[in-house]
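J.:
Residue numbers (this note's numbering): 74 to 241.
(1) Report buried or exposed for residue 113, applying the criterion of at least 16 other Cβ atoms within 10 angstroms of its Cβ.
(2) Is it a yes or a no for the segment 198-216 touching the segment 159-178, going by three-plus beta-carbon pairs under 8 Å?
(3) Strictly by DSSP, which residues pair up with residue 191?
(4) Return the chain-ordered list of same chain residues with a C-beta closer than 7 Å to the C-beta of residue 151, the five sequence neighbours on each side being excluded.
(5) Taking the alpha helix (DSSP H) that residue 163 falls in, what are its first and last residues?
(6) Closest Cβ-Cβ distance between residue 100 and chain D: below 8 Å?
(7) Decide if residue 108 is buried, meaning its Cβ has at least 16 other Cβ atoms within 10 Å, or exposed.
Here it is as structure tokens:
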């Protein structure tokens, strides 16, 4: 039977390559499955106490700071309050925005603001250690997507972008 297998295997170079690669892959997968990835390392100077070193859990950032910053910003941004000048509107937003976004806000036509206040639950669309994207529904039925960043010399989360939340 082994002789028949050898004859069959060597009859075609393509068959030989395919069978050989398959055997190598299966051997690799089998060895990997049988090998334990966690290894014990003696970190105690030979006392025999060991700790397991393997995969570590990533720290999941807390979204609360980003959500609060986004909701407060949108509350102030979405509409100019009655009797409020454009400059007063801008003065409330600049401390809550990054420098670049504060410059962009200076060119905002306040007549194009969506109006309405945040209404409903914000949805965290993206969350990282120093940034988040939060969808905030507005009372008029619209929704905006707010990008909030921390770090880069800021002690608190700041808004770096607001755009319509479309495609949901």
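Positions of the beta carbon are idealized from the N, C-alpha and C atoms, including for glycine. Nothing here was measured: the structure is a model prediction, and the numbers come from that model.
T.: Quick look at the numbers:
(1) Any reading at residue 113 must be qualified, since the residue scores a pLDDT of 49, below 50, and its modelled position is unreliable; the value itself is stated next. Flag for residue 113 reads exposed.
(2) no
(3) 211
(4) 186, 187, 188, 189, 190, 211
(5) 159-166
(6) The displayed structure is made up of one protein chain only, and chain D is not part of it.
(7) exposed
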